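Structure, as C-alpha cells:
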Amino acid sequence: MQQLQNTLVLALAILLISSCKPKDEDPIAPPPPTNEEEVITSVTVTFSDPEIMDDVFVFKSQDLDGDGGNPPVVTTVPLPAGRALNMLVTFQNESSTPAVDVTGEIEGEASAHQVFFSTGDADMSILYGDQDGDGLPLGLVNVAITGAASSGTLTLTLRHDPDKNGPGVANGDITSAGGVTDVEVFFPLVIE
Amino acid sequence: MLSVGPVLKYVLTLLILGSVVAVHAQGSPCDLMISGEVIDDHDRTPLSFAEIFMPELERGTISDEQGRFSLPGLCPGSYLFRVTHLGCEPVERRIVLNKDLVVDFRLEHHHEELRELEVIRSRPDENVGQAHSEVDAAELETHTGRSLAEVISNISGVTVLSSGPTIGKPVIHGLSGNRVLILNQGIRQEDQQWGTDHAPNLDPFTSDRITIVKGAASVQYGADAIGGVVITEPVELPRGPGVGGEIRTVGILNGRGGGASGMLHGGVGGLRGVGWRIQGSARQLGDAASPDYILSNTGLREAGGSASVGVNRHWGSASLYYSWFGRELGVVRAAHIGNLTDLQNAISSGVPWYVAPFGYQIEPPRQAVQHHLFKAETRYRISDRNMLLLTYGYQADDRQEYDNRRGGRSERPSLDLFLVSHTADVVLNHWLGPHVHGKLGVSGVEQANFNIPGTGIRPLIPNYAERSGGIFLLEHFPFGERLELEAGARLEATELRVGRYDQNNVFVTPEHDFVNHALSVGGNWSLRDSLFLRANISSAFRPPHVSELYSEGLHHGSAAIELGDDALPSERSMKATLDLDGNWCKGRLRTAITLYHDRIADFIMLRPDGVQLTIRGAFPVFRYVATEVRLQGVDLMAEYRISGPLSWRVRYSMVRGRDLSANEWLFQLPSDRLENSLVLARERIGVWRKLEFSITSQVVARQVRIPLDLDFMDPPPGYHLLGASITMALPLGNNELRIGISGTNLLDQAYRDYMDRFRYYIDARGMDLSLWVRYAFGAHRTPRN
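As they're listed, the protein sequences go chains A and B.
Note that our numbering has the first sequence beginning at 1, numbered continuously upward.
Note that our numbering has the second sequence beginning at 1001, numbered continuously upward.
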C-alpha cells in the first residue's frame, strides 16, 4: 500500500514538472520589427517671400535616432531684415522608408494641436495664418515679419491637447496652454 | 550555459527517493495522546464544537458536547495547538509532548480581558525569527473596497509607492516593486512588477488573512524577497457538509463608487472532507477628488472571480483553484507630459493643467490588465510527521496601456504585453526527531514575455524567456518550550534569454545566467509567556529584471530617458531583524518593536547622467547602475488599555537609506510617520454586538534626507491626517450582519506625499468616507472575535 502511494506521488510529481513546459510560441523568435509610426524626426520651417519667387529660406531640425541617442541636427540660414515672409511649418517622420509627412495628421486633428513660437532677442513677430474648425489658430501656416538686423533663438513648440481658450493662447502665448509637448526645437535665428 | 530542466528533474528524483527512505526510517513510537477539555474561562462552562488544530501536522479535532476532545497517535515532540471557538479569541499554545497529557484550554469571550491570557505567538513553524505582521479577517473587513497596497499600509514599516490615487505598490522597509515578493494563494505573483506604475493584479476580496514578512526571505521563497514578502492566504475550504456564504458591499464617497463581493462555500454530502467555494467581486470608482479639484481620469473598474474545490482526508489533501482578475484604470491625465519643460511648468503652476468635471469614463492614458491564476496543490501525508507538498501554478498576465496619441491611434495600445508563468514547487516536510524537523524543497519557474505586435511603438521591454530552478533546506531546532532555532540555505540558478532589436534594427538574442544562494539563521525565544523575541539574519537575492538590463529610451510617466546596462549582476542583500513583542502591566500594555539593518550589494538604481536634447525637447538621462546601499530602521507599535473599553494605540516607523558608493541618501524612501489611535470597544450596545469606535491621527514628516540634484522638486511638506472608523455586528439568528463606516482625511487636507510619483502634478485624495456591510450566512462561518 505504502509502495503504491509513493508510486502515485512520484507519478503526480513528474506530471507536474513536465507540465511546466511552455506550450506557447518561443518568445525569442524574431517578431516583425516595429515600425515607429508616430515619431516625428524632423521639423521644417520654410520662409518665402510672396513677391520674390525664388527667395526661399529653409530651417530644419532633424533627429533621426528618436528620443535619446544623438541630439537633433539643426540647419538654418539668415533671414532678410524688414520683410513680410510666408512661414510654413511641416513635420516629417524620416526614420521610416519612405519618409512620411506627418503634417496631414496634425491638420486632421487641428483642434487638438497648436504650434507656438518665440523669437527671443531677434526682431521678428509671427502671426497665425490658419485656423482649426473652431476658428482658433493651428500654426502650420503663418506670416513672419522681420524687423531690424538682430539675432536670437526661434523656439517652435507643438502642443497636443492645449487649452486653446486659455488666456492669451489664441494669440500664441504658451504660458497657460497646458497639454503635452510633442515637439520642441530651437533654431538659431539671425536677421541681417 | 546552465540548463535548469535536467537539474530540476535530478533533484526531484533525489527528493522522492529521500522521502521514501524517510518513510522507512520512521521508527519512533507515535502512540501518545493529548486529551482534555475546552472551557469558557469566564464561567467555567464547557465549550462544545471548539476546534483544536495542530498547524504543524495539519490535523485537528472538534470538542464534543461536554467540551471534551482527544487527539491520539502523536509522536513525541513540541507542538503548537490553536483552539478556536465561535465568538472567542483563538488561543495558541505550544505544548511539549513526551507522555500522554491531559490539558484544559480556557477560552475567553470578553475581548478586553483576553490580552492577559493571550500567548503572543503565531504559527511559529513559518518564518522563525523573521519579523512579520498580519492583517486578519477583521481588519481586512474594515478596508473593504481598498486596494492591496492600501490595506497593508496600515502595518508599521509598510507604506505605499503610488502613482496618483489609482495605482499603489506596497513598500516594505523602504523597498518595493521587484524587491517585494507577493505570494498570492501560495503562488509567486508574476505580473509586470518592474514598472512603478504597475500595481499588483490581485483581488483583495479573495484573502482572509495577509501576512507581511519584513525580512529578507529568499531561502524559503526564492528570488526577489529582498525587502519582504506579502502573503495573501486563502480562506480554508470547508470540510463538513452544509452550505454557507457571505455577501459584502461597500460604498465609497470619494470617487462616488463602490464594490460588492459574494461567496458561497460548502461541503459535499456523502463525500467526507470534500469542500468547494465560488466567489466573485466587482468594484467601480469614478474620478477621485482632492480638496481643490477633481483628479481627472482616475476612474477604475475591477472584476474578479474564483472557484476552488478540494478534499481533505487522513492521507492529506488536494485542491484546485482558479481565479481571474480584470482591472481597467485611468492614469491622471495631467501627469502625462511631453518633456522637461512641461514638467517644470507643472511644478511651477502648482495645479494640474487638465481638470474636467467628475465622471466615470476612463480615457487615455489608461491601463487594462487581466490576470489568470490556476493552481493545483496536493499535500500527501507520507507518515504522521512527513508530508509531501506539490504545488503547480499557471499565470497569464495580459496588460495593455493606452496613451493619448495622434492620428486616431489612442484606441491602439502603446504597450501590449503578455506574460505566461509556470511555477512548480515540491516540498517535503520532514521529521528527523523532536529537535530537528523542517522542509526540503525544489522549485522551478518558467516564464515567457511577449510583446504583442501592432502598437506602432518600439517596445519598452523586450521579449524574453526566463527559467529558474532552486533547491532549499530549512530546518527547525526546538529546544524545550521556549526556544526554537532555524537555519536554512537555498541555491538557485536563473537563465534569461532575450530577443530584441538593437538600435540598428538588428535582431539579437543575448543570454544571461545567474547563480545565487541564500542563507538564513534565526530564532524564536519566549523569555517568558509575555515576552517574545525573534531574531534573524538572512540573505536574499534578485537577478536584474530585463527592464534594468535593456531599457533604452523615453519613459513617459517620468519624463526621463532611462538606459539599461546589460552587464548588471544580481542584487544580494543581507538583512538582520530583531523583533520583540511584549505584554506588560498585566496585559494592559502591549508592545512590538522591530529593528532592522539591511545591506544590499549591487543594488540596482537609476542615477542621473546629464540632459539629452531630442526633437521633443530636453530630457534628463538616467542610467541603471549597481551600487552598495544600507537601509536601517525601526518599527514601533504600542497598545495601552487606559480603562475598561478604552485603549490607545501608537505606531511609528522610520527608515534611513544610504547609497554607500555615492555617499548619498537614497531616493524616494518613506519619511518618518507616527500614528495615534484611540479605540473604544464595547461588547454590546442595544441589539449591536462587538462595537468598536476608533479615531486615528497620522503625522507624516517631510522627507529631508534626499540625494542632491536628483529630484525635480523639493519633497512636499509634512502633513497630518485624521481618520475614524466604526464597526459593529448584528446577530440575526444563526447569521451575522457586520457594518462599518470608515473615514480618511476627515479634515479634507490638501497635501502631497513624497511617495507619490505624481506629487509634481496633483494633490492627494481629499476627504473620503466608506460604508461597508458584510452578511455571513449558513454553515462554515469563520469565527470572528
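Ideal Cβ positions, reconstructed from N, Cα and C, are used throughout, including at glycine.
If you're wondering where the values come from, they're calculated on a predicted model, not measured in any experiment.
**Request:** Pull up the distance between the alpha-carbon of B:Met1054 and that of B:Glu1562, whole angstroms please.
**Result:** Counting from 1 along the second sequence, the entry for residue 1054 of chain B is found at position 54. Counting from 1 along the second sequence, the entry for residue 1562 of chain B is found at position 562. Looking at the backbone, the Cα of B:Met1054 and that of B:Glu1562 are separated by about 52 angstroms.
**Alpha carbon of B:Ser1133 to alpha carbon of B:Val1369, nearest angstrom** = Here residue 1133 of chain B is taken as the residue at index 133 of the second sequence, counted from 1. Here residue 1369 of chain B is taken as the residue at index 369 of the second sequence, counted from 1. When rounded, the distance between both Cα atoms is 29 angstroms.
**Item:** Proximity test, Cβ basis, 9 angstroms: A:Pro188 and chain B
**Value:** As a working note, residue 188 of chain A is residue 188 in the first sequence. Using a CB distance cut-off of 9 angstroms, A:Pro188 does not count as an interface residue toward chain B.
**Prompt:** Tell me the DSSP bridge mates of B:Arg1572?
**Reply:** Counted from its first residue, the second sequence places residue 1572 of chain B at position 572. As DSSP reads the structure, B:Arg1572 sits in a beta bridge with B:Phe1541 and B:Ala1601.
**Residue span of the beta strand (DSSP E) that contains B:Ile1182, given as start and end** = Taking the first residue of the second sequence as position 1, residue 1182 of chain B is located at position 182. Looking at the DSSP string, the run of the beta strand (DSSP E) that includes B:Ile1182 is Val1180 to Asn1184.
**Asked** What three-state label does DSSP hand B:Val1355 in the structure shown?
**Response** The residue you call residue 1355 of chain B lines up with position 355 of the second sequence. Three-state result, B:Val1355: coil.
**Asked** Are any of the Cβ atoms in chain B nearer than 9 angstroms to that of A:Val58?
**Response** Translated into positions along the first sequence, residue 58 of chain A becomes position 58. Contact of A:Val58 with chain B is not assigned, every C-beta pair being separated by 9 angstroms or more.
**Partner residues on chain B for A:Ser118, Cβ-Cβ distance less than 7 angstroms** = By 1-based counting over the first sequence, the position of residue 118 of chain A is 118. Per Cβ cutoff of 7 angstroms: no residues; A:Ser118 is ~12 angstroms from chain B at best.
**Prompt:** Can at least three beta-carbon pairs, one atom from the segment 1206-1213 of chain B and one from the segment 1662-1678 of chain B, be found at a separation below 8 angstroms?
**Reply:** Using a C-beta cut-off of 8 angstroms, the segment 1206-1213 of chain B makes no contact with the segment 1662-1678 of chain B, since fewer than three inter-stretch Cβ pairs fall below that distance.
**Asked** By DSSP, does A:Gly172 sit in helix, in strand, or in coil?
**Response** Working through the first sequence from its first residue, we reach residue 172 of chain A at position 172. DSSP places A:Gly172 in coil when its eight states are reduced to three.
**Request:** Determine, using beta-carbon pairs with one atom in the segment 69-84 of chain A and one in the segment 144-159 of chain A, whether at least three such pairs fall under 8 angstroms.
**Result:** Yes, the segment 69-84 of chain A is in contact with the segment 144-159 of chain A.
**Asked** Near B:Arg1179, which residues of its chain fall below 7 angstroms by C-beta distance, leaving aside the five closest residues on each side in sequence?
**Response** Counting from one through the second sequence, the residue named residue 1179 of chain B turns up at place 179. Asp1224, Ile1226, Gly1227 and Arg1542, listed in sequence order.
**Request:** Report the three-state DSSP secondary structure of A:Pro50 (helix, strand or coil).
**Result:** Along the first sequence, read from residue 1 onward, the residue named residue 50 of chain A stands at position 50. The answer is coil: DSSP assigns A:Pro50 none of H, G, I, E or B.
**Prompt:** Does any residue of chain B bring its CB to less than 9 angstroms from the CB of A:Gly178?
**Reply:** Here residue 178 of chain A refers to the residue found at position 178 of the first sequence. Cβ-Cβ to chain B under 9 angstroms: yes for A:Gly178.
**C-alpha distance - B:His1032 paired with B:Ala1776, whole-angstrom precision** = Walking along the second sequence from the start, residue 1032 of chain B turns up at place 32. Walking along the second sequence from the start, residue 1776 of chain B turns up at place 776. The sequence given here places Leu at residue 1032 of chain B; His does not occur at that position. Roughly 39 angstroms between the two C-alpha positions.
**Message:** Output needed for B:His1085: all residues of its chain with C-beta closer than 6 angstroms, excluding positions within five of it in sequence on either side, in chain order.
**Reply:** In the second sequence, residue 1085 of chain B corresponds to position 85, counting from 1. Taken in chain order, the residues that qualify are Leu1047, Ala1050 and Leu1107.
**Request:** Starting from the C-beta of B:Asp1748, find all residues in its chain whose C-beta is less than 7 angstroms away, skip the five residues before and the five after it, and write them out in chain order.
**Result:** On the second sequence, position 748 is the one that residue 1748 of chain B refers to. In its chain, beyond the 5 residues on either side, Pro1291, Gly1766 and Met1767 have a beta carbon closer than 7 angstroms to the beta carbon of B:Asp1748.
**Prompt:** Based on the DSSP secondary-structure assignment, which residues constitute the bridge partners of B:Asp1425?
**Reply:** Working through the second sequence from its first residue, we reach residue 1425 of chain B at position 425. Answer is B:Thr1391 and B:Ser1443.
**Asked** Based on Cα-Cα distance, which residue from B:Ser1538, B:Asn1429 and B:Cys1585 lies nearest to B:Arg1572?
**Response** Sequence index remark: in the second sequence, residue 1572 of chain B carries index 572 (1-based). The candidate whose alpha carbon is nearest that of B:Arg1572 is B:Ser1538.
**Message:** Determine whether the beta carbon atoms of B:Ala1638 and B:Thr1591 lie at a separation below 9 angstroms.
**Reply:** As a working mapping, residue 1638 of chain B is identified with position 638 in the second sequence. As a working mapping, residue 1591 of chain B is identified with position 591 in the second sequence. Taking 9 angstroms as the cut-off, the beta carbon of B:Ala1638 is found closer than this to the beta carbon of B:Thr1591.
**Item:** Contiguous beta strand (DSSP E) assignments of at least 3 residues, all confined to the segment 1463-1534 of chain B
**Value:** As for any beta strand (DSSP E) of minimum length 3 sitting wholly inside the segment 1463-1534 of chain B, the runs are 1463-1479, 1483-1501 and 1511-1528, ordered along the chain.
**Request:** Give, in chain order, every unbroken run of the beta strand (DSSP E) that is at least 3 residues long and sits entirely within the segment 1246-1274 of chain B.
**Result:** As far as the segment 1246-1274 of chain B is concerned, its whole beta strand (DSSP E) runs of at least 3 residues are 1257-1268.
**Message:** Quick check on this structure: which residue in B:Tyr1394, B:Ser1383 and B:Ser1570 has the alpha carbon closest to the alpha carbon of B:Leu1376?
**Reply:** Residue 1376 of chain B sits at position 376 when you count from the first residue of the second sequence. A small fix is needed here, since residue 1376 of chain B is Ala in this sequence, not Leu. Minimum Cα distance to B:Ala1376 is reached at B:Tyr1394.
**Message:** If I measure Cβ to Cβ from B:Asp1566 and keep anything under 7 angstroms in the same chain, skipping five residues before and after, which residues do I get?
**Reply:** Numbered from its first residue, the second sequence carries residue 1566 of chain B at position 566. Answer for B:Asp1566: Pro1510, Leu1549 and Tyr1550, listed in chain order.
**Request:** Return no unless some Cβ of chain B is closer than 9 angstroms to the Cβ of A:Asp161.
**Result:** The residue given as residue 161 of chain A occupies position 161 in the first sequence. Using a Cβ-Cβ cut-off of 9 angstroms, A:Asp161 counts as an interface residue toward chain B, since at least one Cβ of chain B sits closer than that to its own.
**Asked** Do B:Asn1463 and B:Ala1487 have their C-beta atoms closer together than 9 angstroms?
**Response** Here residue 1463 of chain B is taken as the residue at index 463 of the second sequence, counted from 1. Here residue 1487 of chain B is taken as the residue at index 487 of the second sequence, counted from 1. No, these two residues do not count as a Cβ contact at 9 angstroms.
**Message:** What does the alpha-carbon distance come out to for the pair B:Val1442 and B:Gly1644?
**Reply:** Working through the second sequence from its first residue, we reach residue 1442 of chain B at position 442. Working through the second sequence from its first residue, we reach residue 1644 of chain B at position 644. When rounded, the distance between both Cα atoms is 51 angstroms.
**Message:** Looking only at its chain, what residues have a beta carbon closer than 6 angstroms to the beta carbon of B:Glu1363, apart from the 5 residues adjacent to it on each side?
**Reply:** Mapped onto the second sequence, residue 1363 of chain B falls at position 363. Cβ-Cβ distances below 6 angstroms link B:Glu1363 to Asn1297 in the same chain, with the five nearest sequence neighbours on each side left out; the list follows chain order.
**Beta carbon proximity, A:Thr181 to chain B, threshold 9 angstroms** = For the purposes of this step, residue 181 of chain A is taken as residue 181 along the first sequence, with counting starting at 1. Contacts with chain B at 9 angstroms (Cβ-Cβ) include A:Thr181.
**Message:** Less than 9 angstroms between CB atoms is the rule here; does A:Asn35 satisfy it with respect to chain B?
**Reply:** Taking the first sequence and counting its residues from 1, one reaches residue 35 of chain A at position 35. Interface criterion met: the Cβ of A:Asn35 is under 9 angstroms from a Cβ in chain B.
**Request:** Could you check if B:His1720 is buried or exposed, using at least 16 other CB atoms within 10 Å of its CB as the buried criterion?
**Result:** Stepping through the second sequence from its first residue, residue 1720 of chain B is reached at position 720. Around the C-beta of B:His1720, fewer than 16 other C-beta atoms lie within 10 Å, and the residue is accordingly described as exposed.
**Prompt:** Does any CB atom of chain A fall closer than 9 angstroms to the CB of B:Ile1095?
**Reply:** For this step, residue 1095 of chain B is matched to residue 95 along the second sequence. With 9 angstroms as the cut-off, B:Ile1095 does not count as an interface residue toward chain A.
**Item:** Any chain A beta carbon closer than 9 angstroms to B:Gly1273
**Value:** Reading the second sequence from its first residue, position 273 is the one you call residue 1273 of chain B. B:Gly1273 does not count as touching chain A.
**Message:** Suppose you measure from the CA of A:Thr75 to the CA of B:Thr1341; what does that come to, to the nearest Å?
**Reply:** Mapped onto the first sequence, residue 75 of chain A falls at position 75. Mapped onto the second sequence, residue 1341 of chain B falls at position 341. Each residue's alpha carbon lies about 23 angstroms from the other.
**Request:** Spatial neighbours of A:Val56 within its chain, please: CB distance less than 6 angstroms, with the 5 preceding and 5 following residues excluded, ordered by chain position.
**Result:** Residue numbering aside, residue 56 of chain A sits at position 56 when the first sequence is read from its first letter. Here the set comprises Ser48.
**Prompt:** Does DSSP classify B:Val1151 as helix, strand or coil?
**Reply:** The sequence position of residue 1151 of chain B within the second sequence is 151, counting from 1. DSSP places B:Val1151 in helix when its eight states are reduced to three.
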